[in-house]
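There are 2 protein chains.
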Amino acid sequence: MEEKRYRLVQNFLKLQIQKGNFVVGSYLPSENELCTMFGVTRTTVRKGLDELTREGFIDRQHGKGSIVRDRRKSLGLLNVKGFSEAVGKDLSTVFVQHPKISLWNPDTHFAISEQEFKEKCIHFSRLRCVYEVPVMIEYNWFADNRLEGFSDIDFIEGSFFKTLSQHYHIEITGSEHELRSERVSNDIAALLKIPQGSPILHISVKFHTSKNNFFLYSELYCTTENYPIGSSYHL
Amino acid sequence: MEEKRYRLVQNFLKLQIQKGNFVVGSYLPSENELCTMFGVTRTTVRKGLDELTREGFIDRQHGKGSIVRDRRKSLGLLNVKGFSEAVGKDLSTVFVQHPKISLWNPDTHFAISEQEFKEKCIHFSRLRCVYEVPVMIEYNWFADNRLEGFSDIDFIEGSFFKTLSQHYHIEITGSEHELRSERVSNDIAALLKIPQGSPILHISVKFHTSKNNFFLYSELYCTTENYPIGSSYHL
DNA sequence: TAGTGGTCTAGACCACGCC
DNA sequence: GCGTGGTCTAGACCACTAG
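Line by line, the protein sequences give chains A and B.
According to our numbering, the stretch in the first sequence is residues 1060 to 1294, in order.
According to our numbering, the stretch in the second sequence is residues 1060 to 1294, in order.
The following block contains the structure:
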């Protein structure tokens, strides 16, 4: 399929990183070592490493080497400030609904493709708390038949994305968001333990992945009074 | 300062694009032409073009050439859906406060550096409407002495960013956001013509720029009922 | 000083778009 | 067919890091 030599280097290294054979913070083989491993020149190896850098898998350090990076912090995605970033806070996640096969929920604001709609989907929802205080509820849907045996395996370190990467070698490649400020519904007010009718931040997300035609749909409802949602974008 | 040859190519082309000498949609000189223009090899020219691609200035088309791109749509920044994207809608912007020298406003949620705080700042605010209906009010602050003679010149096509690029060759390189869902204040409710106490989306933004230590601070208040805020991110 | 990544040359061949 | 960008080679020298 893909005969470009730099892709071979790139995909080989990516797979090793996804599998955990090169852990975060460790160094990849040097460029010269990769040259002999793959029988190519440095230009080709460097092109592969450039791509991995662009994808956020590695950082390169002049005079030292290429170091494996924690990608989850570099995606520019919306996340509760202090949730995945902050250390030393008491964070917790509880399932409101464990993953199970269900029907597509009409609540998703992004259009689901016909192809997806024909399939069953998997749904799960989680409540996110800081210091035991609920700050966000998250509803997720995705096409069932794309992730073989998903319901049966556990989330790696409580992270859906980490699970996708390590078990299925699927990465998040992008996302679309729609943001609304609404009055909270009574159901969600009860779950988040906030007064009825409070303003709440509603975020609809469509995640794009490295797997063809595989998307993740999420609806997030956040109380932003104490923990505003942060996001960042850099060139 | 910068002696790398690919930077020469990159910066030369970037400046021409910023000045409008290469307009959006036109083709840059071919790689071979650039080679002879700068007396370097294709590897070097291509490295410069790679950088421009990464920065969003150009797209490259196999067999055709490198085409100048409209960068403002590629930043993954938050913008009112249908504001800068949609065509055929009746969009308008009115100044609530024209640019003038003022004091730093304590309303900004991001910390302003000591260096900036010592300087005066320029402030302006604008009301954004769709079909004459106000949907967003925007307050902006930035350090005065960074943009010589700013108050006196007009916005290019009503765009602050376009003005920064063409007049000062400054580009937006990134941004940080904080999002909150709040009850609207009475002042803002009046400006946006919405009922008092309505939920409103409050976005604090710190824009990073290509000019050292120059940032733009914005506070946005958006009614999201009819026109939700959209954003997207792609690898 | 040895090893690493960063820049650069002077070629070559290929794949794509267009006439 | 010709010009374009995409991939690749086989070198070279430089800049940075570390023992």
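Backbone N, C-alpha and C fix where the C-beta goes; we use that ideal spot for every residue, glycine too.
Do we get a CB-CB distance below 8 Å when we pair residue i with the residues of chain B?
| i | result |
| --- | --- |
| glutamate 1110 of chain A | no |
| serine 1290 of chain A | yes |
| isoleucine 1229 of chain A | no |
| glutamate 1062 of chain A | no |
| proline 1088 of chain A | no |
| isoleucine 1259 of chain A | yes |
| leucine 1236 of chain A | Position check: residue 1236 of chain A holds histidine in this sequence, whereas leucine was assumed. So yes, histidine 1236 of chain A belongs to the interface. |
| proline 1287 of chain A | yes |
| glutamate 1241 of chain A | yes |
| glutamate 1216 of chain A | no |
| glutamate 1092 of chain A | no |
So for residue i, helix, strand or coil by DSSP?
| i | result |
| --- | --- |
| threonine 1167 of chain B | coil |
| leucine 1275 of chain B | strand |
| asparagine 1199 of chain B | strand |
| threonine 1282 of chain A | coil |
| serine 1085 of chain B | coil |
| glutamine 1120 of chain B | strand |
| lysine 1106 of chain A | helix |
| arginine 1239 of chain A | strand |
| leucine 1186 of chain B | strand |
| lysine 1177 of chain A | helix |
| serine 1224 of chain A | helix |
| threonine 1100 of chain B | coil |
| phenylalanine 1214 of chain A | coil |
| isoleucine 1229 of chain B | coil |
| leucine 1294 of chain B | coil |
| glutamine 1156 of chain B | strand |
| lysine 1265 of chain A | strand |
Take residue i as the anchor and find which of the options has the nearest alpha-carbon.
| i | options | result |
| --- | --- | --- |
| lysine 1265 of chain B | B:Thr1095, B:Arg1119, B:Leu1279, B:Gln1255 | B:Leu1279 |
| serine 1224 of chain A | A:Glu1062, A:Glu1061, A:Gln1077 | A:Gln1077 |
| tyrosine 1227 of chain B | B:Leu1074, B:Ser1151, B:Arg1130 | B:Leu1074 |
| glutamate 1216 of chain A | A:Glu1197, A:Ile1160, A:Ser1151 | A:Ser1151 |
| glutamate 1062 of chain A | A:Phe1154, A:Phe1274, A:Asp1118, A:Gly1107 | A:Gly1107 |
| serine 1085 of chain B | B:Asp1129, B:Ser1218, B:Arg1239 | B:Asp1129 |
| methionine 1096 of chain B | B:Gly1079, B:His1121, B:Tyr1065 | B:Tyr1065 |
| glycine 1115 of chain B | B:Ile1231, B:Gln1174, B:Lys1270, B:Ala1248 | B:Ile1231 |
| tryptophan 1200 of chain A | A:Gly1079, A:Phe1274, A:Leu1294 | A:Phe1274 |
| glutamate 1237 of chain B | A:Ala1249, A:Tyr1276, A:Glu1284, A:His1121 | A:Glu1284 |
| valine 1153 of chain B | B:Ala1170, B:Ser1172, B:Ser1218 | B:Ser1218 |
| serine 1172 of chain A | A:Tyr1276, A:His1293, A:Leu1294 | A:Tyr1276 |
Skipping 5 residues on each side, what residues in its chain have a beta carbon closer than 6 Å to that of residue i?
| i | result |
| --- | --- |
| threonine 1282 of chain A | Val1194, Leu1251, Ile1253 |
| glutamate 1110 of chain B | Gln1069 |
| valine 1243 of chain B | Ser1257, Ile1259 |
| histidine 1261 of chain A | Arg1239, Glu1241, Tyr1280 |
| serine 1161 of chain B | His1182 |
Within its chain, find whatever has a CB closer than 7 Å to the CB of residue i; leave out the 5 residues flanking it on each side and keep chain order.
| i | result |
| --- | --- |
| phenylalanine 1295 of chain A | With chain A represented from 1060 up to 1294, any question about residue 1295 of chain A goes unanswered, as that position is not in the structure. |
| glutamine 1156 of chain B | His1182, Phe1183, Ser1184 |
| phenylalanine 1081 of chain A | Gln1075, Leu1087, Val1127 |
| arginine 1105 of chain B | Glu1090 |
| glutamine 1174 of chain B | Asn1272 |
Verify the CB distance criterion: does residue i have a CB-CB separation below 8 Å to chain A?
| i | result |
| --- | --- |
| glycine 1233 of chain B | yes |
| leucine 1074 of chain B | no |
| threonine 1283 of chain B | yes |
| glycine 1079 of chain B | no |
| histidine 1293 of chain B | yes |
| glutamate 1144 of chain B | Only weak support exists for where glutamate 1144 of chain B lies, its pLDDT of 48 falling under 50; the coordinates are left without a value. |
| isoleucine 1117 of chain B | no |
Ordered along the chain, which non-local residues of its own chain (more than five positions away) have a Cβ less than 8 Å from that of residue i?
| i | result |
| --- | --- |
| phenylalanine 1176 of chain A | Trp1163 |
| asparagine 1245 of chain B | Gln1255 |
| isoleucine 1247 of chain A | Ile1196, Ile1259, Tyr1280 |
Do residue j and residue i come within 8 Å of each other at the CB atom, strictly closer than that value?
| i | j | result |
| --- | --- | --- |
| threonine 1167 of chain B | isoleucine 1229 of chain B | no |
| proline 1221 of chain A | aspartate 1203 of chain A | Just to set this straight, residue 1221 of chain A is lysine in the shown sequence, not proline. It is not a contact, given that the beta carbons lie outside the stated cut-off. |
| threonine 1112 of chain B | arginine 1119 of chain B | yes |
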